[in-house]
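> Below is a structure I'd like to ask you about.
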Amino acid sequence: MKIAHLILAHRDLAQVARLVKQIAHPGSFVVIHIDKKCDMQGFLELEKQPDVYLMKNRIDVNWGGYSIVEATINGLRAIVELRREFDFVNLISGQDYPIKPIAEFNALLEENKGKCFFNYCLPGEPWLEEAQQKINTYNLTDWKLKGKYALQKLLNIALPKRTAPAGYTVIGFSAWFTIDAEATRYILKCCDDKLPITGFFKYSWGSDEMFFQTLIYNSPLKDKMVNHNYRYIDWSEKNPRPKTLTMADAPALKASDAFFARKFDQDAEVLDYIDQNLLSNS
Numbered sequence: 040m041k042i043a044h045l046i047l048a049h050r051d052l053a054q055v056a057r058l059v060k061q062i063a064h065p066g067s068f069v070v071i072h073i074d075k076k077c078d079m080q081g082f083l084e085l086e087k088q089p090d091v092y093l094m095k096n097r098i099d100v101n102w103g104g105y106s107i108v109e110a111t112i113n114g115l116r117a118i119v120e121l122r123r124e125f126d127f128v129n130l131i132s133g134q135d136y137p138i139k140p141i142a143e144f145n146a147l148l149e150e151n152k153g154k155c156f157f158n159y160c161l162p163g164e165p166w167l168e169e170a171q172q173k174i175n176t177y178n179l180t181d182w183k184l185k186g187k188y189a190l191q192k193l194l195n196i197a198l199p200k201r202t203a204p205a206g207y208t209v210i211g212f213s214a215w216f217t218i219d220a221e222a223t224r225y226i227l228k229c230c231d232d233k234l235p236i237t238g239f240f241k242y243s244w245g246s247d248e249m250f251f252q253t254l255i256y257n258s259p260l261k262d263k264m265v266n267h268n269y270r271y272i273d274w275s276e277k278n279p280r281p282k283t284l285t286m287a288d289a290p291a292l293k294a295s296d297a298f299f300a301r302k303f304d305q306d307a308e309v310l311d312y313i314d315q316n317l318l319s320n321s
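Here the sequence shown stands for residues 40 to 321, numbered as in our numbering.
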């Protein structure tokens with residue numbers, strides 16, 4: 040089983056290096072996008088490891104902006120252009136960490152060749168209903184323009200609500216996924232062909248939570264989709280960002296059926312616990 044791990048990172052070299060070490064597996068490789076705002080110098084050390092590649096085409100990523108989608112698309116393209124064989128692409132952030140041995144994750148994918156693992160809600164479900172404001176309004180998050188939010192407000196007063204192109208059903212929830220090689224190439228073709236739905240998401244807020252699921256859901260590859268991405272993410276604090284995981288979350292991490300968890304933030308204690316108790320067979 041050959042997995043291309045795509046990491047979107049913006050900080051904490053030591054934590055990213057630790058993640059890279061834990062997901063290493065024969066036949067797999069790692070492609071890393073470092074936010075353009077970050078100093079690249081320290082991260083260059085990562086490329087000295089075998090099967091680790093740093094992306095040259097870096098994006099200035101903004102939380103909630105389409106720039107996250109752009110960075111991911113560039114990452115998928117970088118994986119394909121390496122001309123290395125791969126069965127799956129696994130998208131994670133630099134603040135993710137495995138909570139089961141990577142060999143077990145590989146075994147899951149071996150048993151589910153040709154599947155695409157997302158986490159999504161359908162129209163009518165609460166999350167997607169609440170997300171309509173993100174979808175139907177103009178969002179200028181990535182614009183480098185003074186007064187952009189005043190302009191954004193004016194656009195949303197003066198213009199009609201945005202609607203998805205005819206024939207498309209928008210779905211979404213989690214930005215993180217594991218997709219097979221066929222779906223990877225299909226997504227890139229959609230972008231190259233400039234399908235209307237790809238342009239639509241450029242002005243949606245949080246489009247990374249909807250873009251990739253929506254493309255596959257509205258495609259001939261829909262039957263590949265599994266509505267479980269095997270990520271442990273704690274939204275219990277009801278904040279726009281997930282809870283930062285600590286040792287207090289150790290029992291939940293141990294009990295979870297997920298293979299990756301997020302997010303972690305420079306807490307060596309909980310990562311040491313995971314290494315010693317959850318990954319010790321890797």
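Positions of the beta carbon are idealized from the N, C-alpha and C atoms, including for glycine.
Counting C-beta neighbours from all protein chains within 10 Å, is the total for K139 16 or more, i.e. buried, or is it exposed?
When all chains shown are included, K139 counts as buried.
> Compute the Euclidean distance between the alpha carbons of S321 and E124, then round it to the nearest angstrom.
Note that S321 scores 45 on pLDDT, short of 50, meaning its location in the model is unreliable and no value can be drawn from it.
> Taking the C-alpha atoms as reference points, what is the distance between N175 and L198?
Near 11 Å, if we compare the C-alpha coordinates of L198 and N175.
> To the nearest angstrom, report how far apart A203 and C229 are at their CA atoms.
Answer to the nearest angstrom: the Cα atoms are 16 Å apart.
> List, from N- to C-terminal side, the alpha helix (DSSP H) runs of 4 residues or more that fit wholly inside the segment 237 to 264.
With a minimum length of 4 residues, the continuous alpha helix (DSSP H) runs that stay inside the segment 237 to 264 are 250 to 256.
> Could you check which residue in Y92, P137 and D126 has the C-alpha nearest to that of F303?
Here the closest residue by C-alpha is P137.
> Check whether the Cβ atoms of E156 and F298 sit closer than 7 Å, and answer yes or no.
Contrary to the premise, residue 156 reads as Phe rather than Glu in this sequence. No, these two residues do not count as a Cβ contact at 7 Å.
> To the nearest angstrom, how far is it from the Cα of L45 to the Cα of L193?
Going from the Cα of L45 to the Cα of L193 covers about 37 Å.
> Starting from V119 and walking both ways along the alpha helix (DSSP H), at which residues does that stretch end?
Per DSSP, V119 belongs to the alpha helix (DSSP H) from S106 to E120.
> In terms of residue numbering, what span does the beta strand (DSSP E) encompassing C34 cover?
As displayed, the chain neither begins before 40 nor continues past 321, which places residue 34 out of reach and without an answer.
> Which residues does DSSP list as the beta-bridge partners of S132?
L47, per the DSSP bridge assignment.
> Tell me the residue span of the alpha helix (DSSP H) that contains Y225.
Start and end: A220 to D231.
> Consult DSSP for Y312 and reduce its assignment to one of helix, strand or coil.
Looking at Y312 - three-state DSSP - the assignment turns out to be helix.
> With which residues is Y92 paired in a DSSP beta bridge?
Answer is V70, bridged to Y92.
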